[in-house]
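Chemist: This structure is in structure tokens; I'll ask about it shortly.
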Amino acid sequence: MIFCATKSPNSTIKVQTMSAKGAGDENFPVASRLLSAKSRPHVMAFYAFARAADDVSDDPSLGAEDKLDVLMGMSKQLASGAEDPSPNVYKLHQSLKATDVTHAHAQDLLKAFMRDAEKSRTDDWADLMSYCELSAAPVGRYLIDLEDGKAFHGFKANDALCAALQILNHIQDVKDDYLSLDRIYVPADWMAALGVQEKDLAGDRSTPNLRKVLDQMLDGVDALLIEAAPLTKDIQSRSLAREAGGIINIAKALSKQLRVKDPVAVRVELTKVQAALHFLWGALRA
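The structure is reproduced here in structure tokens:
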């Protein structure tokens with residue numbers, strides 16, 4: 291069950307349960323069987339927290355200030371360990387306490403969602419990468435801290451992989467993000483350089499120049515995946531290393547699909563069978 295924010299009659303912000311996107315709907319595995327049994331409940335607690343915050347950020351009934359109020363409240367609750375108003379936040383606090391994992395990764399995610407509430411456009415590639423440092427890298431860092439603990443040093447490869455996954459998702463959702471959320475994660479300077487207009491994102495298909503910009507983003511993704519390759523050797527936990535190998539392979543396959551199919555015209559994604567096979571092959575090679 292995921293949580294979202296709504297206004298009560300007295301205009302205070304409350305957090306209510308609602309059904310929403312689940313772990314099975316994600317492009318990449320969440321708490322797969324490769325992770326240790328003792329870790330999976332903690333990973334799901336982190337995931338539920340992230341989805342709850344994401345739902346607040348994407349809630350069309352809330353203005354920017356209300357979203358910031360709710361997200362700041364979640365941040366304070368996570369730090370204090372209070373049971374209310376969000377059970378998801380409380381459960382994550384208890385999980386982090388039990389596993390001795392820092393709160394910093396979850397707090398960074400909240401900063402990303404706060405940024406989404408305040409900023410709806412992306413200036414350039416550097417701006418996109420700085421967003422990924424808050425919205426994506428903390429997820430991988432959390433998993434590594436959970437599985438490897440203090441034995442792991444350096445997050446460069448992890449951060450590259452997480453950024454690649456985030457950008458692939460942005461390309462998949464390029465049309466829906468614009469139409470449903472009025473958000474554009476495509477670098478504005480790249481669009482301007484080729485004369486791509488915002489309205490092009492809402493077309494029936496990509497214009498030739500928009501296609502070039504999306505391919506430029508995919509070039510960046512492919513470079514990030516090369517940078518991420520050492521991660522499977524850096525991680526001491528073999529189960530997590532295999533998980534990373536599987537995810538890298540899925541990401542490579544999805545990047546190829548996005549080059550040959552148009553995400554403005556259709557939803558581009560791997561079938562569950564394709565994703566499973568790519569994951570298995572990548573995991574076995576890790």
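Just so we're aligned, residue 291 is where the sequence shown starts under this note's numbering, counting upward by one. We put the beta carbon where it would ideally sit given N, CA and C, even for glycine. No experiment lies behind these values; they were computed from the predicted model shown.
#1: Counting only C-beta atoms, is K401 closer than 8 angstroms to chain B at any point?
#2: Taking only three categories from DSSP, how would you classify A313?
#3: Do S365 and L400 have their CB atoms nearer than 8 angstroms?
#4: Starting from L544, trace the alpha helix (DSSP H) both ways and give me its first and last residue.
#5: For L324 and A402, I'd like the C-alpha separation in whole angstroms.
#6: Quick one: measure Cβ to Cβ for L521 and A447, integer angstroms, because I've assumed they're closer than 8 angstroms.
#7: Considering Cα atoms alone, identify which of T561, A543, K562 and K523 is closest to A576.
#8: Cβ atoms of A453 and A427: under 8 angstroms apart, would you say?
#9: Helix, strand or coil for H393, going by three-state DSSP, please let me know.
#10: Tell me the rounded alpha-carbon separation between V550 and T392.
#11: At a cut of 8 angstroms, does the stretch 451-465 reach the stretch 509-518 through at least three beta carbon pairs?
#12: Can you tell me whether G493 is helix, strand or coil according to DSSP?
#13: Considering Cα atoms alone, identify which of T412, R557, H568 and D479 is closest to R495.
#14: Cβ of A573 within 8 angstroms of Cβ of R532?
#15: For the alpha helix (DSSP H) that Y475 lies in, which residues bound it at each end?
#16: Over the uninterrupted alpha helix (DSSP H) stretch that includes R557, give me the two end residues.
#17: Among residues of its own chain, excluding the 5 on either side of A541, which ones have a beta-carbon nearer than 7 angstroms to its beta-carbon?
#18: Suppose only complete runs of 4+ residues qualify. What are the alpha helix (DSSP H) ranges in the stretch 414-441, listed by chain order?
#19: Starting from T522, follow the alpha helix (DSSP H) in both directions and report where the run begins and ends.
#20: Measuring only from the beta carbon, is A416 closer than 7 angstroms to any heavy atom that is part of the ligand SAH?
#21: D413: buried (16+ other C-beta within 10 angstroms of its C-beta) or exposed?
#22: Alpha carbon to alpha carbon, what distance is there between Q506 and A372?
#23: Where does E437 land, buried or exposed, given buried means 16+ other C-beta within 10 angstroms?
#24: By Cβ distance below 7 angstroms, which residues in the same chain neighbour L471 in space, the five residues on each side in sequence not counted?
#25: Let me make sure I understand the geometry here. Which of P477, T497 and A492 has the alpha-carbon closest to that of Y468?
#26: Can you grab the Cα-Cα spacing for the pair D374 / L368, in whole Å?
Modeler: Inspection of the coordinates gives the following:
#1: Within the model displayed, chain B is absent; a lone protein chain is all it includes.
#2: Only weak support is given to the placement of A313: the predicted model assigns it a pLDDT of 49, under 50, and the question is left unresolved by the model.
#3: Closer than 8 angstroms, so yes.
#4: Per DSSP, L544 is one residue of the alpha helix (DSSP H) stretching across R528 to V550.
#5: CA-to-CA, the gap between L324 and A402 works out to about 28 angstroms.
#6: Sure, about 4 angstroms apart at Cβ, within 8 angstroms.
#7: Comparing Cα positions, the closest option is K523.
#8: Contact: yes.
#9: Here H393 sits in coil by DSSP.
#10: Taking the Cα positions, V550 is about 41 angstroms away from T392.
#11: The stretch 451-465 and the stretch 509-518 touch, with no fewer than 3 CB-CB distances between them shorter than 8 angstroms.
#12: Looking at G493 - three-state DSSP - the assignment turns out to be coil, as it is neither helix nor strand.
#13: When only C-alpha atoms are compared, the closest one is R557.
#14: When the beta-carbon positions are compared, A573 and R532 come within less than 8 angstroms of each other.
#15: It is not in any alpha helix (DSSP H) - Y475 carries neither H nor E in the DSSP assignment.
#16: Unbroken run through R557: none, as it is neither H nor E.
#17: Cβ neighbours of A541 beyond the five flanking positions: A454, L455, L458 and L515.
#18: Listed in chain order, they are 415-425 and 427-438.
#19: L521 to D524 is the span of the alpha helix (DSSP H), which, as asked, contains T522.
#20: As far as ligands go, the structure on display features none, and thus does not contain the ligand SAH.
#21: Looking at its Cβ environment, which holds fewer than 16 other Cβ atoms inside 10 Å, D413 is exposed.
#22: The C-alpha of A372 lies about 45 angstroms from the C-alpha of Q506.
#23: Classification of E437: buried, given that the 10 Å Cβ count is 16 or more.
#24: So the qualifying residues of the chain are D348.
#25: Comparing Cα-Cα distances from Y468 to each of P477, T497 and A492, the minimum goes to A492.
#26: Counting only the Cα atoms, L368 lies some 10 angstroms from D374.
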